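>
Chains as they are written, first to last, in my numbering: chain E, 221 to 608; chain W, 36 to 326.
#1: Are the Cβ atoms of residue 163/W and residue 128/W separated by less than 8 Å?
#2: Give the DSSP-derived three-state secondary structure of residue 331/E in the structure shown.
#3: Closest to residue 322/E by CA distance: which of 539/E, 427/E and 266/E is it?
#4: Counting contacts by CB-CB distance shorter than 8 Å, is residue 305/E in contact with chain W?
#5: Which one or two residues does DSSP pair with residue 474/E in a beta bridge?
#6: Just grab the DSSP bridge partners of residue 184/W for me.
#7: Is there at least one Cβ from chain W nearer than 8 Å to residue 366/E's Cβ?
#8: Indicate whether at least one CB of chain W lies closer than 8 Å to the CB of residue 572/E.
#9: With three or more C-beta pairs closer than 8 Å as the rule, is the stretch 525-535 of chain E touching the stretch 498-508 of chain E?
#10: In whole angstroms, what separates the C-alpha of residue 298/E from that of residue 318/E?
#11: My understanding is that residue 121/W touches residue 95/W, with C-beta atoms under 8 Å, so please give their C-beta distance in whole angstroms.
#12: With a 10 Å radius around its C-beta and 16 neighbouring C-beta atoms as the bar for buried, classify residue 393/E as buried or exposed.
#13: Against residue 328/W, what residues of chain E qualify as contacts under a CB-to-CB distance less than 9 Å, listed in chain order?
#14: Do the stretch 539-546 of chain E and the stretch 308-318 of chain W touch if we need at least three Cβ pairs shorter than 8 Å?
#15: Spatial neighbours of residue 235/E within its chain, please: C-beta separation below 6 Å, excluding the five flanking residues on both sides.
#16: Is residue 452/E buried or exposed, if buried means 16 or more other CB atoms sit within 10 Å of its CB?
#17: Just to confirm the assignment, what range does the alpha helix (DSSP H) spanning residue 395/E have?
#18: Determine the DSSP secondary structure at residue 250/W, reduced to helix, strand or coil.
#19: Using a threshold of 8 Å, state whether the C-beta atoms of residue 48/W and residue 70/W are closer than that.
#20: How would you write the range of the alpha helix (DSSP H) that residue 381/E sits in, first residue to last?
#21: So, with DSSP's three-state summary, where would you put residue 195/W?
#22: Would you list, in sequence order, the uninterrupted alpha helix (DSSP H) runs of no fewer than 4 residues that lie entirely inside the stretch 84-162 of chain W?
#23: For residue 497/E, return the contacting residues in chain W, with the cut-off set at a CB-CB distance below 9 Å.
#24: Give the residues of chain E in contact with residue 142/W, contact being defined as C-beta atoms less than 8 Å apart.
#25: Check each residue of the stretch 264-275 of chain W: if its Cβ is closer than 8 Å to any Cβ of chain E, include it; give the result in chain order.
#26: Quick check: is the beta carbon of residue 255/W nearer than 8 Å to any beta carbon in chain E?
#27: Suppose contacts are defined by Cβ-Cβ distances below 8 Å. Is residue 241/E in contact with residue 262/E by that definition?
#28: Taking only beta-carbon positions, decide if residue 326/W is within less than 8 Å of chain E.
#29: Which of the three DSSP states, helix, strand or coil, is assigned to residue 172/W?
#30: Leaving aside the five residues before and after residue 272/E along the sequence, list all residues of the same chain whose C-beta is less than 7 Å from its C-beta, in chain order.
#31: Hey, is residue 145/W's beta-carbon within less than 8 Å of any beta-carbon in chain E?
#32: Look at the alpha carbon of residue 201/W and the alpha carbon of residue 65/W, and state the distance between them as a whole number of angstroms.
#33: Residues in its own chain within less than 8 Å of residue 458/E by CB, not counting five upstream and five downstream?
#34: Taking the continuous alpha helix (DSSP H) assigned at residue 353/E, which residues delimit it?
#35: Unbroken alpha helix (DSSP H) runs of length 4 or more, entirely within the stretch 536-582 of chain E: which are they?
#36: Please name the residues in the stretch 399-426 of chain E whose beta-carbon is closer than 7 Å to at least one beta-carbon of chain A, in chain order.
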């Protein structure tokens with residue numbers, strides 16, 4: 221689960237990390253009042269959306285004139301921001317964060333993630349603050365410093381010293397203390413909130429030597445939300461595709477893509493591989509849908525309904541390898557969905573595994589029109605024919 | 036031969052009284068797996084499918100001499116269950132549970148470090164040595180005993196691959212799903228090392244997916260020291276970056292974990308990659324037939 225910048229900054233503030241003074245607004249006419257209560261000029265206007273790349277898309281503005289802050293708010297609020305991560309329709313901006321401008325002396329990059337190879341929380345620190353870290357990693361990897369945390373002892377001060385003095389042996393003691401304190405706080409809040417990512421880019425040292433988190437990104441581990449009930453309230457459903465939201469409510473793994481072949485598959489790996497097969501056959505998948513290893517008839521029905529709701533879908537491929545999910549359950553779910561919604565696009569069905577004969581018989585004896593594929597290769601061929 | 040599990044495997048099912056635990060205990064028994072104990076705290080005075088249930092792993096070890104665990108415990112308690120099994124001295128622990136918080140797995144991984152045991156999973160279908168034993172949830176009938184090993188990060192995708200292998204005439208020595216989470220107990224390399232010295236295994240099918248760099252690391256190891264033929268497949272060539280594709284670990288992030296890069300690394304190491312899943316069985320025939 222992704223948090224908005226202002227939500228992440230709220231967590232930072234509670235954890236003792238300094239952030240710029242700011243105010244969240246949802247209407248452009250709140251901007252002038254916000255400006256009066258925040259130090260400036262300059263003021264910074266920041267679109268609150270989950271998709272990255274908002275700066276380049278015009279979602280972050282710096283203004284010196286209060287009137288221009290209002291104009292900027294009007295031009296961003298309520299409109300889609302076309303960032304490269306937001307998809308073809310862009311991401312509509314519902315909230316703006318207005319902040320005091322910070323006098324930047326130096327900028328750093330600081331983040332914490334789980335390193336898969338060492339199975340440990342890992343802090344990443346770089347002097348290349350304010351830049352895209354992927355770019356830094358590609359062009360000058362020597363600027364990226366890493367410290368793995370041993371979970372038995374936690375984040376240790378020596379690790380912060382490793383970072384700081386590698387960077388600048390002559391850093392002032394005050395600044396060093398400030399950075400060390402932020403690092404310790406980041407580790408603490410990473411654990412306390414079950415984060416999978418905490419990122420501060422840039423982490424700034426101001427003209428007066430204060431250490432301030434000018435930006436904030438936090439992602440929470442979805443698997444830990446059962447014990448992070450308070451964070452659950454920070455979820456913003458407006459950030460999600462309506463069909464994805466619907467799928468989430470039915471416990472289905474569904475991701476909308478750009479193509480026109482709807483796909484329903486059991487299991488995440490097989491669902492991904494099926495998308496790939498569709499693409500290799502010369503077509504484009506409209507979605508990723510994993511109904512799960514042990515889906516019920518109800519879940520199959522809901523999944524099928526979601527695919528049918530997607531108006532771009534020109535053909536549907538059902539690829540099920542029955543294990544725990546039995547093919548007869550799948551067949552009944554598809555029929556239940558077909559009863560509710562008429563199917564106007566070609567349907568290709570490939571069934572294999574547990575109770576496959578019963579599943580095929582149930583479909584065959586119904587009045588549903590569909591094409592049978594005997595294996596994955598044939599399924600791909602049939603799909604390609606539908607759209608060629 | 037086979038690796039990790041065989042006729043001598045005596046299984047305890049942790050979480051045996053839950054819906055999945057009970058269902059798969061019966062499936063395992065039907066397959067011929069020796070399931071001699073179950074564990075569910077607070078419910079240790081009953082039998083499930085004729086299998087005695089205990090309150091603790093310790094008790095199951097003492098009374099039934101189990102050496103392998105299969106865990107169906109719900110996510111909030113699964114980390115504890117793995118450490119319980121490890122402390123009980125079990126040599127092989129298979130954790131089927133999907134949805135364990137990653138920070139719980141950080142602790143588990145730290146606890147298991149240096150201990151002489153193998154954790155498979157979590158979020159995995161388990162292990163099967165066909166016609167000997169099944170410690171997992173895969174459909175038994177698609178497997179045949181033979182000389183191909185299968186290692187995979189996925190569940191149903193593995194069934195698809197095994198089915199194609201069986202139809203192409205290849206039986207399997209041992210098939211293992213290592214799990215779809217970012218942190219898993221056993222890596223491709225850990226298992227390749229075991230298959231390397233298993234005389235019955237003639238070749239390996241390696242099934243990876245987007246996310247992390249486990250496939251790249253495996254490719255490096257294979258090029259350096261693995262002398263049996265390997266056939267690979269990577270799922271997620273069309274997956275968009277930044278999105279979690281069902282599995283917690285299946286995500287391209289920070290430019291890392293792309294299928295394209297994994298395929299390139301494997302090919303550069305001299306490994307045959309089936310780019311299209313539907314041709315995997317034939318690819319296996321091509322590669323193994325030549326030998």
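The beta carbon of each residue, even a glycine, is placed where N, CA and C say it ideally should be. All figures in this text were calculated on a predicted structure; none of them were measured in a lab.
Put simply:
#1: Taking 8 Å as the Cβ cut-off, residue 163/W and residue 128/W do not qualify as a contacting pair.
#2: Look at residue 331/E here: in three-state DSSP terms it is strand.
#3: A check of alpha carbon separations from residue 322/E across 539/E, 427/E and 266/E identifies 427/E as the nearest.
#4: Closer than 8 Å to some Cβ of chain W, the Cβ of residue 305/E qualifies, so yes.
#5: 509/E.
#6: Beta bridge pairing from DSSP links residue 184/W with 239/W.
#7: No, because no Cβ of chain W sits closer than 8 Å to the Cβ of residue 366/E.
#8: Closer than 8 Å to some Cβ of chain W, the Cβ of residue 572/E qualifies, so yes.
#9: Because the criterion of three Cβ pairs below 8 Å is met, the stretch 498-508 of chain E and the stretch 525-535 of chain E touch.
#10: Going by the C-alpha atoms only, they are around 16 Å apart.
#11: Not confirmed; about 14 Å, so no contact.
#12: With fewer than 16 Cβ atoms within 10 Å of its Cβ, residue 393/E is classed as exposed.
#13: There is no way to answer for residue 328/W, as the model of chain W reaches only from 36 to 326.
#14: No, because fewer than three Cβ pairs between the stretch 539-546 of chain E and the stretch 308-318 of chain W fall closer than 8 Å, the two stretches do not touch.
#15: Apart from sequence neighbours up to five positions away, the residues of its chain that approach residue 235/E with a beta-carbon distance below 6 Å are 405 and 409, ordered along the chain.
#16: Result: exposed.
#17: Taken as a continuous stretch (DSSP letters only), the alpha helix (DSSP H) holding residue 395/E covers 393-412.
#18: The answer is helix: DSSP assigns residue 250/W an H, G or I state.
#19: In this structure, residue 48/W sits near residue 70/W, with a CB-CB distance shorter than 8 Å.
#20: Residues 377-387.
#21: Of the three classes helix, strand and coil, the one that applies to residue 195/W here is helix, per DSSP.
#22: Entirely contained in the stretch 84-162 of chain W, the alpha helix (DSSP H) runs reaching 4 residues are, in chain order, 92-99, 110-122 and 137-147.
#23: Contact annotation for residue 497/E against chain W: 311, 312 and 313 [CB-CB distance below 9 Å, chain order].
#24: Residues of chain E passing the Cβ test: 371.
#25: Here the close residues are 268, 270, 271, 272, 273, 274 and 275.
#26: Output row for residue 255/W: interface = no.
#27: Contact flag unset, no.
#28: Below a pLDDT of 50, predicted positions are generally treated as unreliable, and residue 326/W, at 48, falls in that range; the measurement from the model is reported next regardless. Under the 8 Å criterion on CB atoms, residue 326/W is classed as non-interfacial with respect to chain E.
#29: When DSSP states are grouped into helix, strand and coil, residue 172/W belongs to the coil group.
#30: Exclusion of the five residues before and after residue 272/E leaves 303 and 305 as the residues of its chain whose Cβ lies within less than 7 Å of its Cβ.
#31: For residue 145/W, the answer is yes, since a Cβ of chain E falls inside 8 Å of its Cβ.
#32: If you take the alpha carbons of residue 201/W and residue 65/W, they lie about 21 Å apart.
#33: The answer, listed in chain order, is 312 and 314.
#34: In the DSSP assignment, residue 353/E falls within the alpha helix (DSSP H) that extends over 353-359.
#35: Correct list: 547-560.
#36: Chain labels in this structure do not include chain A; the protein chains are E and W.
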